[in-house]
């Protein structure tokens, strides 16, 4: 395990992060932009160039494996992308196995980015030593992943454990962008903020979570009210995740966690009140790796594959 | 497997059902009442008497195993009852292992009753051949269980997969009897019907699902409205179960399914509209064994244990 040389690619919404691992150590990362205008094959060419650079800098002849963290639903058995962020839409028809075999003569594994991040938090972050974990990521949308008895939950069509943001918490409420009614995202995500802002008399044309929490800290009543709704929605969503998967700990991540000091104690309070856990209390913890959890997670998954 | 002689006990809310199996065949069942007034040890004495009768009638010297289906949360590794319907409250301190070993010199397995019923439906009922199943049972409350890749989902504290009725679907709604807010049960269970009746101007003092569906069929507007709310709640709950566990099929059971002709097509319609399943459509099917699913299921689980 110590000397495996792996390349991990985390396909983020706005940029791709490429990491070079020597064993379990992340030696270097490189960020390239994700261009929706161009075909996925061009992005692959950019990735190829970066891998060539890594190999040159570290005097590496052979790569032991490539791991790809994907913002969408992916068939991890065949490495086929089933459904993805529109930025990478033509990756659905791209043959990733052929690329890794022909260009790099190595094996490839793929995983949903939230599952990869949870794996990273489990191995080296906020989930260390805990084999039953749920992660919820609060940002543009609400993402997540689930670990049961030390195994990532996938489900028949690879969408189990990561759709918590689309649990209905308001069954007679607003339509979500997924087509469902009253998903948690409709009451607590970046895309839904303008709607919440309008309903609560927010004075400006724009709103994001940083502005919202700043205004709340300044005591603006409309901000206080929107924050209350968001935290209630995130907590209801987390209670549903706890009732669904029976974890020991829930890890909360995502951009909004810059205001963890406000968010975590309030969520903890609501969750302790509303979750049915006769065995004790679920532990709520902030994610420890904002940016590199998925890289570490994929590297661990790749080691599991290579070593076995 | 063919000639194993097993005793299965299904501890129902109002009565206990005891079944004698020869291999996979249910040879005879006996029903005894569950008396909350008396200690659990008295119920055990009644069970002992029935087992003695079975052994006498079928000329059996040795029982190969006992399976106990329990209306509560049970630690299936140690056969310890964690939380249970108050009718059996002192079963929590009763040593079931000692009983089966000392009195019957045989092994014992336990399981939550909803999981046992799902196992039965999977092996011989509405779930045959489908390894990724969710069951939802609509009645006094909303029960359920989950099978993923042919394995019952338990979770760390044995409460995963069976708390769908306590998924929040109305985060700013009424308090549930579990302490949570806006659980599916608050909008679609026998215990919540009097509340829904009051809100909708139901004219009588009493209400149950049979009365409700009869009134709906007779075109009474208040009944139409309550039925609509219940079906919306059951559908939202099922969508959440689909988003949580990614099954191929959902089996719907419980007392209200006497009106399956009204319920199933409407739920199917809402679920097809609201569930996010890019791979196709989740199959919705009525449970096939109302009364004996848990007996068959426990017998299968017992065989698995004995044969291995």
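Protein chains in written order, with our numbering: chain A, 122 to 429; chain B, 122 to 429.
Idealized CB from N, CA, C, for every residue including glycine.
Residue-level contact to chain A via CB, residue i, 7 Å cutoff
i, result
"residue 219/B", "no"
"residue 371/B", "no"
"residue 367/B", "yes"
"residue 321/B", "no"
"residue 353/B", "yes"
"residue 215/B", "no"
"residue 284/B", "yes"
"residue 253/B", "yes"
"residue 204/B", "yes"
"residue 166/B", "no"
"residue 387/B", "no"
"residue 142/B", "no"
"residue 364/B", "yes"
"residue 408/B", "no"
Other residues of its chain near residue i: CB distance less than 6 Å, five sequence neighbours each side excluded
i, result
"residue 270/B", "252"
"residue 380/A", "334"
"residue 90/B", "Coverage of chain B is limited to positions 122 through 429, which leaves residue 90/B absent and any answer about it impossible."
"residue 344/A", "333, 336 and 337"
"residue 264/A", "235 and 258"
"residue 372/A", "242, 247, 248, 256, 406 and 408"
Minimum C-alpha distance to residue i - residue among the options
i, options, result
"residue 411/B", "218/B, 246/B, 128/B and 211/B", "246/B"
"residue 407/A", "344/A, 243/A, 276/A and 396/A", "243/A"
"residue 337/A", "318/A, 291/A, 152/A and 306/A", "318/A"
"residue 196/B", "278/B, 266/B and 416/B", "278/B"
"residue 384/B", "392/B, 352/B, 399/B and 413/B", "352/B"
"residue 280/A", "324/A, 266/A, 215/A and 350/A", "266/A"
"residue 191/B", "320/B, 308/B, 205/B and 227/B", "205/B"
"residue 284/B", "390/B, 240/B, 366/B and 421/B", "366/B"
"residue 361/B", "350/B, 391/B and 348/B", "391/B"
"residue 166/A", "325/A, 225/A, 418/A and 348/A", "225/A"
"residue 364/A", "142/B, 300/B, 294/B and 179/B", "300/B"
"residue 426/A", "181/A, 134/A, 198/A and 327/A", "198/A"
"residue 424/A", "180/A, 159/A and 187/A", "187/A"
"residue 369/B", "327/B, 401/B and 177/B", "401/B"
"residue 342/A", "327/A, 359/A and 323/A", "323/A"
"residue 394/A", "357/A, 420/A and 419/A", "357/A"
Cut-off 7 Å between Cβ atoms - residues of its own chain near residue i, not counting five sequence neighbours on either side
i, result
"residue 154/A", "136"
"residue 375/A", "258, 259 and 260"
"residue 414/A", "238, 241, 242, 246 and 408"
"residue 86/B", "This structure leaves residue 86/B out entirely; chain B is present only between 122 and 429."
7 Å Cβ cutoff, residue i in contact with chain B
i, result
"residue 289/A", "yes"
"residue 302/A", "yes"
"residue 122/A", "Because the pLDDT at residue 122/A is just 49, under 50, the model does not fix this residue reliably, and the value given afterwards should be weighed accordingly. False, the Cβ-Cβ gap to chain B never drops below 7 Å."
"residue 209/A", "no"
"residue 397/A", "yes"
"residue 281/A", "yes"
"residue 277/A", "yes"
"residue 313/A", "no"
"residue 400/A", "yes"
"residue 357/A", "yes"
"residue 163/A", "no"
"residue 292/A", "yes"
"residue 180/A", "no"
Cross-chain neighbours of residue i in chain C, by beta carbon under 8 Å
i, result
"residue 360/B", "Looking for chain C here will not work: the only protein chains present are A and B."
Sheet register partners of residue i (DSSP bridge)
i, result
"residue 293/A", "Residue 293/A is not bridged to any residue."
"residue 202/B", "195/B"
"residue 286/A", "Paired residues: none, contrary to the question."
"residue 416/B", "In DSSP, residue 416/B forms no bridge with anything."
"residue 208/A", "For residue 208/A, which the question treats as bridged, DSSP gives no partner whatsoever."
"residue 132/B", "137/B"
"residue 147/B", "142/B"
"residue 154/A", "136/A"
Own chain partners of residue i with C-beta closer than 8 Å, once the 5 adjacent residues on each side are dropped
i, result
"residue 168/A", "130, 137, 139 and 153"
"residue 273/A", "232, 236, 239, 240, 266, 267 and 282"
"residue 329/B", "311 and 314"
"residue 215/A", "161, 162, 165 and 202"
"residue 134/A", "155, 192, 206, 208 and 261"
"residue 254/B", "239, 242, 243, 248, 267, 268, 368, 369, 370, 371 and 372"
request  = Jot down the residue ranges of each uninterrupted beta strand (DSSP E) in the region 166-199 of chain A, minimum 3 residues, whole runs only, in chain order.
outcome  = Listed in chain order, they are 186-191 and 193-196.
request  = List in chain order: all unbroken beta strand (DSSP E) runs of 3+ residues lying wholly within the region 334-375 of chain A.
outcome  = Whole beta strand (DSSP E) segments, 3+ residues: 370-374.
request  = Entirely within the region 228-271 of chain B and at least 3 residues each: give me those beta strand (DSSP E) ranges in chain order.
outcome  = Correct list: 228-233, 254-259 and 263-269.
key: Minimum length 4: unbroken alpha helix (DSSP H) runs contained in the region 303-328 of chain B   = Listed in chain order, they are 314-320.
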